[in-house]
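*Asks:*
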Amino acid sequence: RPWVEQVYGIPPERIVGSSGITKFTVQPDGTPALVKDAKVDFIDDGPGKPVGIHRFIGRKPILAFGNSDGDQQMLEWTASGNGARFMGIVHHTDAKREYAYDRNSPVGKLDKAWDQATKRGWIVVD
């Protein structure tokens, strides 16, 4: 998150990503400090994705896109909101421009989320 603003021009408070645990401590010289712990707070994949969105943004999305099974819970959580919602999946099939992957791919996997998209009427684009 810290480098995204410099590289992409997106403020860090608009970025959701995996997060470690940070603790407040007072150093031996009496200086207060924030220290990163080795523990992971959450992983921004699967069920951790909606947790991160809630933690960093504080609202349920009205629009969500994903491209793998790691996005399924985010899409399900978005769909559960009141009012109009949009859930979309990008199905990567062009191996020349990016990895092509779907149900049986060695890189990324789009299997269960694809089934949910078909079942729930989510948009799948290539």
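According to this note's numbering, the stretch in the sequence shown is residues 24 to 149, in order.
By construction, the Cβ of each residue, glycine as well, lies at the ideal position given by its N, Cα and C atoms.
I need the DSSP call for residue 142, collapsed to helix, strand or coil.
*Replies:* It is helical.
*Asks:* What span of residues does the alpha helix (DSSP H) with residue 72 cover, start to end?
*Replies:* 71-79 is the extent of the alpha helix (DSSP H) around residue 72.
*Asks:* Please report the Cβ distance between residue 47 and residue 57, rounded to the nearest whole angstrom; I am assuming they are in contact, meaning their Cβ atoms lie under 8 Å.
*Replies:* That pair is a contact at about 6 Å.
*Asks:* Can you tell me whether residue 26 is buried or exposed? The criterion is at least 16 other CB atoms within 10 Å of its CB, across all chains shown.
*Replies:* Label assigned to residue 26: exposed.
*Asks:* In the DSSP output, what is residue 56 paired with across the bridge?
*Replies:* According to DSSP, which records beta bridges pairwise, residue 56 is partnered with 48.
*Asks:* Tell me whether residue 135 sits in a helix, a strand or coil according to DSSP, three-state version.
*Replies:* Reduced to three states, the DSSP call for residue 135 is helix.
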